[in-house]
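See below:
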């Protein structure tokens with residue numbers, strides 16, 4: 001047990017911020033994060049230059065890659081808009097996707113919202129990558145302080161899940177594309193349909209990769225908040241009775257930013273070295289405090305503030321694309337069941353079409369969950385931090401750990417001023433209540449669309 005010699009009057013936050021000595025505009029990544037960034041680069045969402053450094057990669061924003069991103073999305077958007085205009089001019093009788101005026105309006109909105117989402121995501125990609133690079137430096141500080149270890153097996157599983165999602169979506173898009181091309185072949189318009197919708201389907205990949213990129217980043221933030229909470233619970237164990245039992249995490253995997261911290265250890269000034277809070281054995285275990293509990297509280301408060309700041313910057317960076325993505329998902333959750341129900345009510349019950357629409361419905365539900373669930377778990381960890389500090393305050397007021405009352409009071413004020421949530425453009429808070437609201441809106445609009453269809457008939 002460390003002697004607790006500090007008093008309330010001696011409490012002050014360190015003057016040096018957690019990103020004081022980072023190499024501006026560059027960071028080192030590996031594992032699943034390098035995997036998702038390389039895929040994002042192909043679709044213009046991560047205009048980065050990769051330089052191999054052992055088992056990891058040094059990345060920085062590249063002007064050449066940015067130019068490639070702008071040209072790619074401009075060509076795809078122009079081709080998609082021209083194709084949409086051509087399909088509208090062809091009329092309802094010649095278009096396999098626009099068999100009625102209602103279907104024409106719905107399909108046009110479907111195409112336009114995907115186009116806007118992809119364009120907003122790619123045109124803002126260079127600035128977003130600069131913010132992510134700064135965020136990864138904050139993450140490296142947290143990893144170094146809590147003694148995080150790297151798990152290759154976990155990284156492989158994360159990469160495998162992302163690859164499986166992309167393979168499934170590729171097969172679904174290919175099947176959907178071929179289905180409508182075969183339908184158009186009956187009226188000898190298959191090459192026109194292929195040309196008109198090729199850009200639209202490619203923009204779909206931009207949207208899906210954007211969702212995976214954001215989900216991975218949000219999961220990374222959540223992992224750091226969880227590790228910080230475990231360190232806070234361990235600190236409480238040293239101060240008084242155990243406030244919350246931490247799980248035995250073994251190799252504490254926090255998504256392959258370990259290379260960041262390791263690459264900076266020799267470049268940090270002496271005042272920033274040896275800021276380890278929790279010491280962990282590489283074989284596993286809950287770990288032990290490397291500093292007195294009072295000092296650990298100070299450092300954890302600084303790290304929590306840095307994580308909140310990084311979260312808010314990420315929220316601003318993804319704000320517009322996420323807002324458009326939510327609108328896009330809402331539109332598709334309305335459009336896809338609409339076509340599915342209309343096929344059952346008024347058409348010839350094409351089994352292939354029904355299966356396709358069912359798979360698209362499941363895909364859109366999965367899309368909203370991929371975006372919302374990491375944010376929900378991050379909010380949960382933020383609440384857990386507040387609960388831990390609140391319990392420590394109660395313990396201090398009862399006489400146990402009374403010398404830390406000032407530290408805990410400032411920590412609690414910090415928590416009340418810094419929210420842990422994602423709110424793109426201030427429209428909504430990404431969490432499970434949003435999923436319930438979306439499903440309610442989908443039900444309402446489906447009823448309206450079906451009524452309009454019957455009126456047209």
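In full-length UniProt numbering, the protein residues as written are 1 to 457. From the three backbone atoms N, C-alpha and C, an ideal C-beta is built for every residue, glycine too.
Between which two residues does the beta strand (DSSP E) harbouring residue i extend?
i, result
"residue 60", "56-61"
"residue 29", "26-29"
Using a threshold of 8 Å, state whether the C-beta atoms of residue i and residue j are closer than that.
i, j, result
"residue 210", "residue 321", "yes"
"residue 308", "residue 137", "no"
"residue 442", "residue 333", "yes"
"residue 325", "residue 207", "yes"
"residue 110", "residue 335", "yes"
"residue 114", "residue 45", "no"
"residue 313", "residue 145", "no"
"residue 119", "residue 73", "yes"
"residue 368", "residue 421", "no"
"residue 306", "residue 277", "no"
"residue 40", "residue 213", "yes"
"residue 427", "residue 323", "yes"
"residue 410", "residue 396", "no"
Per DSSP, what are the beta-bridge partners of residue i in this structure?
i, result
"residue 48", "61"
"residue 53", "56"
Check for me: the alpha helix (DSSP H) holding residue i runs from which residue to which?
i, result
"residue 363", "351-397"
"residue 93", "Run containing residue 93: none; DSSP gives neither H nor E here."
"residue 152", "152-185"
"residue 339", "319-346"
"residue 424", "No alpha helix (DSSP H) contains residue 424, which DSSP labels as neither H nor E."
"residue 128", "125-146"
Straight-line CA distance for residue i to residue j?
i, j, result
"residue 215", "residue 371", "6 Å"
"residue 97", "residue 179", "11 Å"
"residue 232", "residue 449", "52 Å"
"residue 89", "residue 195", "15 Å"
"residue 458", "residue 381", "A question about residue 458 goes unanswered here, because the residues of the chain that appear run from 1 up to 457."
"residue 152", "residue 31", "8 Å"
"residue 438", "residue 317", "23 Å"
"residue 263", "residue 70", "Note that residue 263 scores a pLDDT of 46, beneath 50, so its modelled location is shaky; the value from the coordinates is reported in the next line. Spanning the two alpha carbons is a distance of roughly 32 Å."
"residue 54", "residue 340", "51 Å"
"residue 413", "residue 389", "10 Å"
"residue 184", "residue 83", "14 Å"
"residue 365", "residue 304", "32 Å"
"residue 187", "residue 80", "22 Å"
"residue 460", "residue 431", "In the structure as shown, the chain starts at 1 and stops at 457, and residue 460 therefore has no counterpart that could be examined."
"residue 56", "residue 345", "55 Å"
"residue 440", "residue 140", "41 Å"
"residue 330", "residue 76", "23 Å"
"residue 445", "residue 435", "16 Å"
"residue 452", "residue 425", "32 Å"
"residue 429", "residue 182", "42 Å"
"residue 167", "residue 387", "41 Å"
"residue 112", "residue 124", "18 Å"
"residue 25", "residue 67", "18 Å"
"residue 230", "residue 223", "11 Å"
Considering Cα atoms alone, identify which of the options is closest to residue i.
i, options, result
"residue 310", "295, 325, 220 and 365", "220"
"residue 87", "388, 73, 105 and 74", "105"
"residue 142", "344, 350 and 301", "301"
"residue 197", "213, 92 and 173", "173"
"residue 236", "146, 298, 392 and 123", "392"
"residue 189", "129, 103, 132 and 91", "91"
"residue 52", "134, 362, 169 and 34", "34"
"residue 130", "422, 166, 59 and 101", "59"
"residue 133", "358, 64, 217 and 159", "217"
"residue 122", "42, 408 and 94", "42"
Please tell me whether residue i has its Cβ less than 8 Å away from any Cβ of chain C.
i, result
"residue 189", "Within the model displayed, chain C is absent; a lone protein chain is all it includes."
When you measure from the CB of residue i to every non-hydrogen atom of the ligand GTP, does any distance come out below 7 Å?
i, result
"residue 135", "As far as ligands go, the structure on display features none, and thus does not contain the ligand GTP."
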